[in-house]
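J.: The sequence shown maps to residues 78 to 504 in my numbering.
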Amino acid sequence: MKKTIRDLKIPNILFWGILRRPKSNADRIHRSFVIYFWKNSKGIKVRIKGLMLFLLSPLAITRRINKQVSELGKKARALAGKSILRQWLEQFYLAYFYSITPKTYYLQEFYLADGLARARNYVNRDAMKQGVYVLIKEYLSSQPSNPKTPPLSDKLSVSQFLLQNELMAIPVLLVVNENGSFLDNQNNPTDKLPQADMFCKPRNSKGGKDAEVWYWLSDDSYKNPLGEVLSSQELKQRFINYAHKHSSYIIQPLVLPHPDLQDFRIHATPSLRIISYLKGTEVKIDSVRFKFSLDNNSVVDNTHAGGVSVPIDLDTGEMTTAVESRLTGMNARWDRHELLNGPIKGRKLPYMDETIDLVKRAHTLFPSDIIIGWDVVISKEGPIIIEGNNQPDSTFPQRAYLMPYGCKEIGQVIADYAEKAITEMYQ
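1. Starting from M275, trace the alpha helix (DSSP H) both ways and give me its first and last residue.
2. Of all the options Y113, G450, I138, which has the alpha carbon lying nearest to the alpha carbon of I213?
3. Taking F369 as part of the beta strand (DSSP E), name the residues at either end of that continuous run.
4. Looking at S230 and N467, is the spacing between their C-beta atoms short of 9 Å?
5. Tell me V306's beta-bridge partners as DSSP assigns them.
6. Quick one: residues in its chain with C-beta nearer than 6 Å to the C-beta of S498, no 5 flanking neighbours on either side, listed in chain order?
7. Which whole-angstrom value is the C-beta distance of Q145 and K119, which I expect to be below 8 Å?
8. What would DSSP say about L233, mapped onto helix, strand or coil?
9. So the candidates are G423, K356, W411; which of them puts its Cα closest to the Cα of M396?
10. State yes or no: is the C-beta of Q394 within less than 9 Å of the C-beta of K425?
11. On the three-state DSSP scale, how would you describe Q145?
12. Are there 16 or more other CB atoms within 10 angstroms of the CB of Q310, so buried, or fewer, so exposed?
13. Given a threshold of 16 other Cβ atoms within 10 Å of its Cβ, counted over all protein chains shown, does Y188 qualify as buried or as exposed?
14. Enumerate in chain order the residues of its own chain whose CB-to-CB distance from Q504 is below 6 Å, with the five nearest sequence positions on each side excluded.
15. May I ask you to report which of helix, strand or coil DSSP gives K214?
16. Taking the alpha carbon of R476 as the point to measure from, which residue in Y326, A399, I362 has its own alpha carbon closest?
17. State whether the segment 237-248 contacts the segment 335-354, with contact taken as three or more CB pairs (one from each stretch) at a distance under 8 Å.
18. Do three or more CB pairs link the segment 291-304 to the segment 355-369 at distances below 8 Å?
19. Distance, Cα to Cα, R315 vs Y326?
20. Quick check on this structure: which residue in W411, S364, F369, A409 has the alpha carbon closest to the alpha carbon of P388?
21. For M129 versus L435, is the C-beta distance shorter than 9 Å?
22. For the putative contact between P427 and I455, defined by C-beta atoms under 8 Å, what is the C-beta separation to the nearest angstrom?
23. According to DSSP, is Y354 helix, strand or coil?
24. Out of curiosity, what's the CA-to-CA distance linking Y292 and D274?
25. Among R108, A194, L171, Y175, which one has its Cα closest to the Cα of M480?
26. Mapping the DSSP letters down to three states, classify N19 as helix, strand or coil.
27. Assign A196 to one of two classes, buried (16 or more other C-beta atoms within 10 Å of its C-beta) or exposed (fewer than that).
28. Spell out the partners DSSP gives I462 in its beta bridges.
29. For P266, which residues in the same chain have their Cβ closer than 8 Å to its Cβ, ignoring the five residues on either side in sequence?
30. Please state whether the Cβ-Cβ distance between S298 and N198 is less than 9 Å.
31. Identify whether P330 lies in helix, strand or coil by the three-state DSSP scheme.
32. Quick check on K119: does DSSP put it in helix, strand or coil?
33. How would you write the range of the beta strand (DSSP E) that W255 sits in, first residue to last?
34. Identify the continuous beta strand (DSSP E) that holds Y292 and give its terminal residues.
35. How about F174 and N89: are their beta carbons less than 9 Å apart?
36. Measuring straight from C-alpha to C-alpha, what distance separates F92 and F131?
Laid out in structure tokens, this is it:
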């Protein structure tokens, strides 16, 4: 197992997750994770270290609580009326028995009146990322009925696969290899960059790291949003450097948003994060979040890069209240643009039905991926898939809607698959 026990911020879930009798879908998910973790963590040293971290956890928890309470306790008291002492006790209870960190307590707004009830149904991000996603993927991939598909982490192969299946996806214009060679979309060597605006990113990385936008100028040079101008040759060398760093780098056309959404774009094209999941053979939609960036220096709208999420009402296709991704304060929701001073709540997304249909058809091509986080841009011509993620973050969907996975159908589906995988793989 690649991950080890030290990767968990609070290791208590590795003990209480197996000792506690499951009372919710969240408990079932965590229990499956714990079994998977210990089955794949070989050696007495890991087990001793886990026990020591568990026994010493009250000290680590206390330090974290004191830090968070000193920064946010008074603000939470003003909003929810909970005393500092009550917040402290609730944080210790959740951290010790559920491995919910004090930071998560404030990020998920568990200080609100319904906070403890939601917290007990909250699905731990570490449990999903470090075990459950991998467990279910291993199980489904072993089923003979499921065809092999390109890994969703390979942005080039997935783009080509979707286009081959006549689904709208952003094409790859150029691939820059680690050896410095450039290949076009027909896999032919080339020495020319596209004379077009480009969005460029590593082939396999996550989180928008080293993604760049370059605007083509008529004199065979390119300019980025920060005003830096490079010649074609200089830019090629820049891409080669990124390819050395990431093994491969891809260049795609820059897609602009639908005119109705243009006011959300500074330098980053706003997109949708759609979480789809398989219930049997049926593709269902758990959540849709509209994402945009208020950072003048950012070309990506990723939540972890400081982007803003707007939960979408699935029944009406309308935006609700925007949610800031960073824990900078307690009043992190608003109905209007913070910087652009435009309305958010109540705005209707164009091509909503077409977008949902596109995602559902795309997910049917990946039957070994129970959950996929799709990034989709709504352009003037309609929705276009940017990429899919087979380990989508669970923190911000639960925060944005103030609804934990354990209370939703997606939580039941995850728990069912995880338990089935544990039963069949480990008997």
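Each residue gets a CB set at the ideal place from its N, CA and C atoms; glycine is no exception. Bear in mind that the values here come from a model prediction, so they are computed numbers and not experimental data.
T.: So, from the listed chains and residues:
1. Note, M275: premise wrong, no alpha helix (DSSP H); beta strand (DSSP E) at 275-279.
2. Comparing Cα positions, the closest option is Y113.
3. Looking at the DSSP string, the run of the beta strand (DSSP E) that includes F369 is 359-369.
4. yes
5. K300
6. For the record, residue 498 in the displayed sequence is Ala; it is not Ser. Taken in chain order, the residues that qualify are L212, I213, Y216.
7. Not confirmed; about 35 Å, so no contact.
8. Collapsing the DSSP output to three states places L233 in a helix.
9. G423
10. For the sequence presented, residue 394 should be read as Gly rather than Gln. Yes.
11. helix
12. exposed
13. buried
14. none
15. Taken through DSSP and simplified to helix, strand or coil, K214 comes out as helix.
16. Looking only at Y326, A399, I362, the smallest Cα-Cα distance to R476 is reached by A399.
17. no
18. no
19. 11 Å
20. S364
21. No, these two residues do not count as a Cβ contact at 9 Å.
22. Going by Cβ atoms, the distance from P427 to I455 rounds to 6 Å, so yes, they are a contact pair.
23. strand
24. 4 Å
25. M480 has its Cα closest to that of A194, out of R108, A194, L171, Y175.
26. There is simply no residue 19 to check, as the chain begins at 78 and stops at 504 in what is shown.
27. buried
28. A246, V453
29. S258, F259, L260
30. no
31. strand
32. Three-state DSSP puts K119 in coil, outside helix and strand.
33. Looking at the sequence itself, residue 255 is Glu, so the reference to Trp does not match. Counting along the chain, E255 falls outside any beta strand (DSSP E), and DSSP gives it neither H nor E.
34. Start and end: 289-294.
35. yes
36. 8 Å
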